[in-house]
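To start, the structure under review is shown below, and the notes come after it.
Number of protein chains: 2
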Amino acid sequence: MNRQLHLNLFVFGRGHHEGAWRHPLAPSTSLTDVEHYQALAAMAEKGLLDSLFLADVLAVGDTQGHSPITPLEPITLLAALSATTRHIGLIGTASTTYMEPFNLARQFAALDHLSRGRIGWNIVTSWVNGVEANFGHDHQPPHAERYARAFEFMEVVKGLWDTWADDAVLDDRSAGQYLQPERIAALNHRGAHFQVRGPLNIPASPQRHPVLFQAGSSADGQRFAAQYAEAVFTAQPDLPTAQAFYRSLKQQVHEVGRQPHELLVLPGLSAVVAESDQQAGQLLEELNALTALETGLARLSARFGGHDFSRLPLDLPLSVDDLPNPDGVQAAQSRARVVVELVRSQRPTLRQLLTRLAGARGHYTLAGTPEQIADAMQTWFQNGAADGFNLMPPIMPAMLATFIDEVIPLLQQRGLFRTAYQQHTLRQRYGLARPASRFFG
Amino acid sequence: MNRQLHLNLFVFGRGHHEGAWRHPLAPSTSLTDVEHYQALAAMAEKGLLDSLFLADVLAVGDTQGHSPITPLEPITLLAALSATTRHIGLIGTASTTYMEPFNLARQFAALDHLSRGRIGWNIVTSWVNGVEANFGHDHQPPHAERYARAFEFMEVVKGLWDTWADDAVLDDRSAGQYLQPERIAALNHRGAHFQVRGPLNIPASPQRHPVLFQAGSSADGQRFAAQYAEAVFTAQPDLPTAQAFYRSLKQQVHEVGRQPHELLVLPGLSAVVAESDQQAGQLLEELNALTALETGLARLSARFGGHDFSRLPLDLPLSVDDLPNPDGVQAAQSRARVVVELVRSQRPTLRQLLTRLAGARGHYTLAGTPEQIADAMQTWFQNGAADGFNLMPPIMPAMLATFIDEVIPLLQQRGLFRTAYQQHTLRQRYGLARPASRFFG
Numbered sequence: 303m304n305r306q307l308h309l310n311l312f313v314f315g316r317g318h319h320e321g322a323w324r325h326p327l328a329p330s331t332s333l334t335d336v337e338h339y340q341a342l343a344a345m346a347e348k349g350l351l352d353s354l355f356l357a358d359v360l361a362v363g364d365t366q367g368h369s370p371i372t373p374l375e376p377i378t379l380l381a382a383l384s385a386t387t388r389h390i391g392l393i394g395t396a397s398t399t400y401m402e403p404f405n406l407a408r409q410f411a412a413l414d415h416l417s418r419g420r421i422g423w424n425i426v427t428s429w430v431n432g433v434e435a436n437f438g439h440d441h442q443p444p445h446a447e448r449y450a451r452a453f454e455f456m457e458v459v460k461g462l463w464d465t466w467a468d469d470a471v472l473d474d475r476s477a478g479q480y481l482q483p484e485r486i487a488a489l490n491h492r493g494a495h496f497q498v499r500g501p502l503n504i505p506a507s508p509q510r511h512p513v514l515f516q517a518g519s520s521a522d523g524q525r526f527a528a529q530y531a532e533a534v535f536t537a538q539p540d541l542p543t544a545q546a547f548y549r550s551l552k553q554q555v556h557e558v559g560r561q562p563h564e565l566l567v568l569p570g571l572s573a574v575v576a577e578s579d580q581q582a583g584q585l586l587e588e589l590n591a592l593t594a595l596e597t598g599l600a601r602l603s604a605r606f607g608g609h610d611f612s613r614l615p616l617d618l619p620l621s622v623d624d625l626p627n628p629d630g631v632q633a634a635q636s637r638a639r640v641v642v643e644l645v646r647s648q649r650p651t652l653r654q655l656l657t658r659l660a661g662a663r664g665h666y667t668l669a670g671t672p673e674q675i676a677d678a679m680q681t682w683f684q685n686g687a688a689d690g691f692n693l694m695p696p697i698m699p700a701m702l703a704t705f706i707d708e709v710i711p712l713l714q715q716r717g718l719f720r721t722a723y724q725q726h727t728l729r730q731r732y733g734l735a736r737p738a739s740r741f742f743g
Numbered sequence: 303m304n305r306q307l308h309l310n311l312f313v314f315g316r317g318h319h320e321g322a323w324r325h326p327l328a329p330s331t332s333l334t335d336v337e338h339y340q341a342l343a344a345m346a347e348k349g350l351l352d353s354l355f356l357a358d359v360l361a362v363g364d365t366q367g368h369s370p371i372t373p374l375e376p377i378t379l380l381a382a383l384s385a386t387t388r389h390i391g392l393i394g395t396a397s398t399t400y401m402e403p404f405n406l407a408r409q410f411a412a413l414d415h416l417s418r419g420r421i422g423w424n425i426v427t428s429w430v431n432g433v434e435a436n437f438g439h440d441h442q443p444p445h446a447e448r449y450a451r452a453f454e455f456m457e458v459v460k461g462l463w464d465t466w467a468d469d470a471v472l473d474d475r476s477a478g479q480y481l482q483p484e485r486i487a488a489l490n491h492r493g494a495h496f497q498v499r500g501p502l503n504i505p506a507s508p509q510r511h512p513v514l515f516q517a518g519s520s521a522d523g524q525r526f527a528a529q530y531a532e533a534v535f536t537a538q539p540d541l542p543t544a545q546a547f548y549r550s551l552k553q554q555v556h557e558v559g560r561q562p563h564e565l566l567v568l569p570g571l572s573a574v575v576a577e578s579d580q581q582a583g584q585l586l587e588e589l590n591a592l593t594a595l596e597t598g599l600a601r602l603s604a605r606f607g608g609h610d611f612s613r614l615p616l617d618l619p620l621s622v623d624d625l626p627n628p629d630g631v632q633a634a635q636s637r638a639r640v641v642v643e644l645v646r647s648q649r650p651t652l653r654q655l656l657t658r659l660a661g662a663r664g665h666y667t668l669a670g671t672p673e674q675i676a677d678a679m680q681t682w683f684q685n686g687a688a689d690g691f692n693l694m695p696p697i698m699p700a701m702l703a704t705f706i707d708e709v710i711p712l713l714q715q716r717g718l719f720r721t722a723y724q725q726h727t728l729r730q731r732y733g734l735a736r737p738a739s740r741f742f743g
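If you read the sequences in order, they're chains A and B. Count along the first sequence from 1, then add 302; that gives the number in our numbering. Count along the second sequence from 1, then add 302; that gives the number in our numbering.
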């Protein structure tokens, strides 16, 4: 079969545009109401998407006063959605910095059982300033320290998922033998950050390991992704940048001895789809008019670890010197770097920059007809920039519905997207092998 | 309205009897298959039960080789069950010793949103030896230290649940105001075990606090329950013991300034129900014949913190001197004490003791006709021993079905049990007030 696109829905409030929640096309359902998410999941599954994804931040933050994010908790929400869906992959964010590896390994294994093998874990080290104070720390651990812990964390959780052989549960009623103790191994991990004896207290799940996602694109982040990730979400503002990232990451995957196809690159794509160019542009203007300067400033500040941008003039072209050096940013280095590159290449005013980021926080944004969107996706896909996309509809569910009704059929006609669900697990859909147990094969 | 029974289903493997999983009446569904639990939840809801409950142990333990427990994880399983049920309360166990308070508070608030106010939390300090090694500890924290941490943990999580006023989410689209920051408070907790700034990153849930359950009946456990619990699960082998416990606990609740009705006492009840006494006895014998000596010995050993009982003669009457002093047990003091009392009052042989405990691990067990079961429940309920029961069917779902079909109608005829669901939240069903926020009232 030809190589086909992998499409993921990034579930986020009432849409990815900062002004979405106020737009007449946005639903009025409360964002704490599970029905909002059940409806999105059902729609995404009707559209045959590979998966849906929930981001996460472990603090309220300063940006929500004028623009909501998803206020529920990913692990519990995915568990609930596993009961109302059958095919779609379910990817949740969880932090290596603020969770115990035993608890995380266990909850993701449980999710994989509940969903019959549809779970992915988006691995984050939690970069938002202020989160640390909810977990007993006076200062945020530096970028490098968070990654050092993350590397060891992965060894622990992958080890825990390997502690049960597939035949460990014998369930032999006549012999009275439920488990085979010799088919369950201790882990006995003793490292710099963790001591975990194991075994895990849950049998091996359908995928054994959830599909591993990663979204940090700093140097540490890419090194981590090359080692562990099976798919990356990434913010790439244009084709050349995306191609360079794609090439570099696949090369790093190769260098650690893995096959390039074992890591899928999924850039974000936020598309305003309409019947005409003009209508799409009009919708985008309506959305931009609904944003608040202070939300944009708070989000920009968060990316740079709390730097204050509020004294810069709003309507003069920015220069790179107005921004902190991203190498020194201890929060989200790669997200800071996206902004620096934008300023370097386009010299926007602060107001223009905030509007640009309001669209989808620096991800690739498009406004146009279904053909134009499909063309752009095809170009990225066939020219070494993407293995698929992380779809970020500006307004949800309305613009997801348009995408599914108008763009998906074009992709299918071009042979670029499936016309029915085939595989059972998310791993199978991504063409990834089920990991063998390090203890039992 | 007259006082009525509160009935909870304690979901546990294929039933509470150690031999249940091998019995012909037990289902063959895998215990990692969510359908097993969905079927039990649907049946319990059809029977109008108040709630269902999942216990938890954070390690595999030595007892599962010949008798399974529930291998899934409570928080994720309850989230999944929230999507396939509408009325029944959903109670999950989670540990104050091995979870971060911020993560626990958040996941339970999320569950309360997902279920629209049907969540309870069974608070445990994790007594099973060996669990500590999965969380970086070389030795299990002593009983008193676990409880010291638990008391502070409760102050943190209750505080976190109070950080959002009910009107904090304004969602005013025309004004562009999503949150009201002045209606969200920091917690700023700095104690001996925890430093947590807050606020929680999720709006106040329908019940604000989940209903708080507790099951440890040691002196520390009772002091903790009197302070925090709104319902207790407890193992009481007979009526006089249950009456003494009930009286003592309600007195302690009174002494800390709470109303006795603000804490419900729910003893475990494991009933083999059949058309005749004789048939019930026959079923119980079949179950006892399916138990394994080594499972019983491992479970007994775990209660006493790892003490070895395997060298005691099997068929000579035990004396209290054969058992360690429960005051020195750092694991589950109250569960050890139940065994000591059994040995003191009945002088069983070791084999008889293990059989007795195989029924439901020391809980009140009965075998008889529907009338006999209903009579016993009425006696306990009307004579100061119980506000309801934690139902522990020996085989599930078969013996739950019999209980619902045969015993529930008798209780309804006597006016002791509801004939339809009325209230929306679990708190309302228990007659408990929704807690006010300590910050906003």
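Yeah, the Cβ is synthetic: ideal placement off N, Cα and C, and Gly gets one too.
For residue i, which three-state DSSP category applies?
i                 : result
Gln377 of chain B : A small fix is needed here, since residue 377 of chain B is Ile in this sequence, not Gln. Three-state result, Ile377 of chain B: helix.
Trp429 of chain B : coil
Ile504 of chain B : coil
Phe606 of chain A : coil
Asn692 of chain B : strand
Arg492 of chain B : strand
His796 of chain B : It is not possible to answer for residue 796 of chain B, since the shown part of chain B is limited to 303 through 743.
Asn424 of chain B : strand
Pro542 of chain A : helix
Between the beta-carbon of residue i and the beta-carbon of residue j, is there less than 7 Å?
i                 : j                 : result
Val426 of chain B : Thr395 of chain B : yes
Arg420 of chain A : Leu392 of chain A : yes
Ser519 of chain B : Thr536 of chain B : yes
Pro699 of chain A : His318 of chain A : no
Phe526 of chain A : Gln538 of chain A : no
Ala688 of chain A : Val567 of chain A : yes
Leu586 of chain B : Tyr666 of chain B : no
His368 of chain B : Gly493 of chain A : no
Measuring only the C-alpha atoms, how far is residue i from residue j?
i                 : j                 : result
Gln482 of chain A : Asp464 of chain A : 15 Å
Ala582 of chain B : Val575 of chain B : 6 Å
Gly422 of chain B : Thr727 of chain A : 32 Å
Glu454 of chain A : Leu416 of chain A : 27 Å
Leu376 of chain A : Phe410 of chain A : Correcting the residue identity first, residue 376 of chain A is Pro in this sequence and not Leu. Their backbone Cα atoms lie some 11 Å apart in a straight line.
Thr398 of chain B : Asn490 of chain A : 24 Å
Gly315 of chain A : Ala322 of chain A : 9 Å
His439 of chain A : Val458 of chain B : 15 Å
Phe683 of chain B : Met456 of chain B : 30 Å
Gly327 of chain B : Gln680 of chain B : Reading off the sequence shown, one finds Leu at residue 327 of chain B, where the question assumed Gly. In a straight line, the C-alpha of Leu327 of chain B is about 28 Å away from that of Gln680 of chain B.
Gly635 of chain A : Asp629 of chain A : A small correction: the amino acid at residue 635 of chain A is Gln; Gly does not occupy that position in the sequence shown. Distance between the alpha carbons of Gln635 of chain A and Asp629 of chain A: 7 Å.
Glu484 of chain B : Gly733 of chain B : 32 Å
Pro672 of chain B : Leu351 of chain B : 17 Å
His511 of chain B : Gly743 of chain B : 14 Å
Met345 of chain A : Ala703 of chain A : 7 Å
Glu337 of chain A : Glu557 of chain B : 44 Å
Leu656 of chain B : Leu602 of chain B : 8 Å
Ala669 of chain A : Glu708 of chain A : 14 Å
Glu588 of chain A : His325 of chain A : 8 Å
If you measure from the beta carbon of residue i to each beta carbon in chain D, is any gap under 7 Å?
i                 : result
Gly607 of chain A : Among the protein chains of the structure shown, namely A and B, there is no chain D.
Problem set entry | Where the stretch 406-435 of chain B meets chain A: residues whose CB sits under 7 Å from a CB there | Identification of residues in the stretch 406-435 of chain B having a C-beta nearer than 7 Å to some C-beta of chain A yields Arg408, Gln409, Ala412, Leu413, His415, Leu416 and Ala435, given in sequence order.
Problem set entry | Segment contact flag, the stretch 382-390 of chain A with the stretch 304-314 of chain B, C-beta cutoff 8 Å, min 3 pairs | The stretch 382-390 of chain A is not in contact with the stretch 304-314 of chain B.
Problem set entry | Residues in the stretch 494-512 of chain A having any Cβ partner in chain B nearer than 7 Å | Phe496, Gln497, Val498, Arg499, Gly500, Pro501, Asn503, Ile504 and Pro505
Exercise. Taking Cβ-Cβ distances below 9 Å as the criterion, which residues of the stretch 383-401 of chain B are in contact with chain A?
Worked result: Leu383, Ser384, Ala385, Thr386, Tyr400 and Met401
Exercise. What residues in the stretch 316-340 of chain A have a beta carbon less than 7 Å from any beta carbon of chain B?
Worked result: Trp323, Arg324, Thr334 and Val336
Problem set entry | Touching by the beta-carbon criterion (3+ pairs, under 8 Å), the stretch 347-367 of chain B and the stretch 427-437 of chain B | yes
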